[in-house]
Structure formats: C-alpha cells, structure tokens
Amino acid sequence: MNDLPISLRRYFQSLAGCAYFFAGGALRRKHRPLLYLLCKHFGFEKEPEGPSARPAATVPTVSASAIIQDDTAVCLSRIADVEGNITPAELMILAALVKQRGPAVCFEIGTFDGRTTENIAANQPVDGQCYTLDLPLDGADRAALPLASGDKTYIKKPVSGARMSKQAQSGRITQLYGDSGTFDFSPYYGKVDLMFIDGSHSYEYVLSDTEAAWKMVTPGGLILWHDYDSRWWPGVTRALNQLQGQDPRFAAIRHVENTALCCLIR
Numbered sequence: 008m009n010d011l012p013i014s015l016r017r018y019f020q021s022l023a024g025c026a027y028f029f030a031g032g033a034l035r036r037k038h039r040p041l042l043y044l045l046c047k048h049f050g051f052e053k054e055p056e057g058p059s060a061r062p063a064a065t066v067p068t069v070s071a072s073a074i075i076q077d078d079t080a081v082c083l084s085r086i087a088d089v090e091g092n093i094t095p096a097e098l099m100i101l102a103a104l105v106k107q108r109g110p111a112v113c114f115e116i117g118t119f120d121g122r123t124t125e126n127i128a129a130n131q132p133v134d135g136q137c138y139t140l141d142l143p144l145d146g147a148d149r150a151a152l153p154l155a156s157g158d159k160t161y162i163k164k165p166v167s168g169a170r171m172s173k174q175a176q177s178g179r180i181t182q183l184y185g186d187s188g189t190f191d192f193s194p195y196y197g198k199v200d201l202m203f204i205d206g207s208h209s210y211e212y213v214l215s216d217t218e219a220a221w222k223m224v225t226p227g228g229l230i231l232w233h234d235y236d237s238r239w240w241p242g243v244t245r246a247l248n249q250l251q252g253q254d255p256r257f258a259a260i261r262h263v264e265n266t267a268l269c270c271l272i273r
C-alpha cells in the first residue's frame with residue numbers, strides 16, 4: 008500500500024508524457040528511440056538478424072578537437088534540428104570545417120530541407136559556390152539503385168530546400184535535381200574542394216556516391232559522410248567499413264567521435 012501513491016504519480020506522469028509524445032513529440036529526434044523501444048516492449052519490433060543487422064563500427068575514430076582549430080568562428084543559422092537533419096553539434100563541426108578550409112566549391116548530395124546547404128554556403132568564402140543535388144519528388148519510384156527502407160520518408164517531401172532562406176537560394180547556392188546513381192557529375196570532376204554525402208542511405212548508393220565524390224574532389228579536398236554507425240541506416244556503416252578496410256584510397260577515413268560524421272582528406 009505504501010507504494011500506491013508513487014505508482015499513481017508515475018501513472019499520471021507517464022500519461023501526460025504519452026499525451027505529449029503522441030501529439031507531436033515523437034517527431035523530435037531525441038524522442039525517436041522511444042518509438043523503437045515501445046514497439047520492442049510490446050513485441051512488434053525484433054532485433055534484425057543476418058546481413059541487414061546493424062554492423063559494428065570499424066572505422067577508426069578522431070575527436071572533433073583534433074580536426075577543428077580552437078579559434079574557428081562560424082556562422083550558424085536554423086540551428087534547431089527536425090527529423091532528418093544533422094544534429095546541432097554536427098552542424099557546428101561541418102560549419103567549422105568549411106570555415107577553416109575555405110573551399111571555393113562545395114557539393115552536397117542530399118538537399119532535404121536545405122538546412123545543411125545554407126550553413127555550408129554561409130561559411131564559404133564570399134565568392135564561393137555551393138551545389139546541392141536532390142531527387143525530384145517522384146524520384147523514389149524510379150531510383151537507379153536500391154533505396155534504404157526509410158529513404159522514401161525524406162524523398163517524398165513537398166519541396167526540396169524548404170528551410171533555405173530566399174537570400175541563400177538567390178545567392179551562391181545552386182539547386183540540382185536528379186538521381187545520384189545516374190547523374191552526370193563529369194562537369195564537376197576535379198573541381199570540388201569539399202563534398203558532403205547525405206543522400207540515400209543504402210549500401211549501394213553510398214558506394215556509388217563515394218565513387219563520384221572521389222572523381223569530383225580535388226587532391227587535398229575534404230569528403231564528409233553522414234549517418235555512420237546509425238541504428239537506422241546500417242547500409243551507410245557497411246559501405247564505409249568496407250571502403251575504409253578494403254580500398255587503399257579510403258584507408259584514412261575517420262569517424263568523428265560522438266557524431267554520425269565520417270571524414271577523409273583526399
């Protein structure tokens with residue numbers, strides 16, 4: 008009986024939390040794991056088995072402080088993240104790398120809502136150019152390569168680059184549309200100083216996008232990937248593990264600690 012008040016309090020606290028969660032709180036990144044835990048608790052979710060299981064992260068790590076200079080000042084906008092965005096910490100790291108390297112030409116695969124695009128461009132030199140490639144709305148239905156199971160959620164959006172400001176869209180950012188598996192990247196070969204890969208999360212697309220990046224990025228340029236070691240995107244981890252472990256060109260890939268970012272100086 009002594010436990011009853013505590014149980015009642017927890018019951019009503021849980022009830023209030025559930026009301027918030029299912030009224031929209033589930034859309035926030037930090038609450039997303041609760042969906043998995045709830046489904047698993049009630050027997051609707053099982054740990055994946057076989058080739059599709061989450062692979063172990065084998066890419067060597069590097070701390071953010073080892074690749075970012077202490078005195079790097081960055082410009083950040085739209086810091087708050089929504090589902091599908093990189094985290095604020097990852098955004099700061101990306102912006103700092105852009106700022107300290109001063110890339111004249113940046114290229115992003117996977118525009119999504121344009122938050123990352125805008126922050127890349129904001130930290131480039133004033134005469135820099137940023138290109139961003141995204142699938143058109145109907146692209147998921149005719150993709151050249153297999154998509155990851157959750158990709159369509161982020162492909163089928165009302166508009167690409169919705170969070171980019173009008174000033175950013177009319178400035179140094181060029182929006183491109185197409186399937187990165189078939190897109191003609193040849194005009195950009197050897198001309199890109201920094202590349203950010205955050206398109207389809209399937210194993211096949213990550214390998215394909217990385218091959219394109221290798222041809223596009225200048226020697227000494229930087230390639231970045233997102234969603235490494237993610238529960239939701241095992242294909243990214245599989246692909247980067249393979250590239251780092253088996254392809255001498257990518258042996259120097261490093262996983263930035265406490266993030267889903269990987270990086271490589273070409």
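For the sequence shown, the numbering used here assigns the number 8 to the initial residue and increments by one for each residue that follows. Beta carbons are placed, not taken as given, at the ideal position from N, Cα and C, and that holds for glycine.
Those residues which DSSP pairs with residue i across a bridge
| i | result |
| --- | --- |
| residue 68 | 262 |
| residue 232 | 204, 269 |
| residue 116 | 140, 204 |
| residue 213 | Looking at the DSSP assignment, residue 213 forms no beta bridge with any residue, so it has no partner. |
| residue 224 | 199 |
Residue range of the unbroken beta strand (DSSP E) whose run includes residue i
| i | result |
| --- | --- |
| residue 183 | 180-184 |
| residue 141 | 136-141 |
Spatially closest choice to residue i from the options, by CA coordinates
| i | options | result |
| --- | --- | --- |
| residue 227 | 273, 155, 78 | 273 |
| residue 154 | 211, 180, 235 | 211 |
| residue 262 | 29, 74, 61 | 74 |
| residue 5 | 26, 235, 220 | Here the chain covers residues 8 to 273 and nothing more, so residue 5 does not appear. |
| residue 143 | 65, 101, 187, 111 | 187 |
| residue 150 | 248, 264, 24, 189 | 189 |
| residue 255 | 271, 131, 242 | 271 |
| residue 170 | 90, 191, 232, 131 | 90 |
| residue 209 | 19, 238, 31 | 238 |
| residue 95 | 253, 257, 126 | 126 |
| residue 240 | 92, 101, 158, 178 | 158 |
| residue 131 | 145, 77, 108 | 108 |
| residue 179 | 133, 161, 31 | 133 |
| residue 204 | 196, 214, 197 | 214 |
| residue 184 | 234, 119, 224 | 119 |
| residue 224 | 23, 113, 106 | 113 |
| residue 350 | 72, 101, 77 | There is simply no residue 350 to check, as the chain begins at 8 and stops at 273 in what is shown. |
| residue 277 | 168, 230, 167 | Because the chain spans 8 through 273 in this model, residue 277 falls outside it and cannot be assessed. |
| residue 243 | 269, 72, 104 | 269 |
Where the alpha helix (DSSP H) through residue i begins and ends
| i | result |
| --- | --- |
| residue 241 | 241-253 |
| residue 189 | Element bounds for residue 189: n/a, residue is neither H nor E. |
| residue 122 | 122-129 |
| residue 158 | 158-162 |
Distance between beta carbons of residue j and residue i, contact taken as under 8 Å
| i | j | result |
| --- | --- | --- |
| residue 200 | residue 80 | At roughly 20 Å, the Cβ-Cβ gap does not stay under 8 Å, so residue 200 and residue 80 are not in contact. |
| residue 267 | residue 97 | 7 Å |
| residue 83 | residue 115 | That pair is no contact at about 17 Å. |
| residue 147 | residue 163 | 6 Å |
| residue 206 | residue 117 | 4 Å |
| residue 236 | residue 60 | About 13 Å separates the two Cβ atoms, so there is no contact after all. |
| residue 258 | residue 251 | 6 Å |
| residue 218 | residue 68 | The pair is not a contact, with the Cβ atoms about 24 Å apart (cut-off 8 Å). |
| residue 93 | residue 124 | About 11 Å; that fails the 8 Å criterion. |
| residue 66 | residue 260 | 6 Å |
Whole alpha helix (DSSP H) runs in the region 68-112 with 4 or more residues, listed along the chain? 71-74, 95-108
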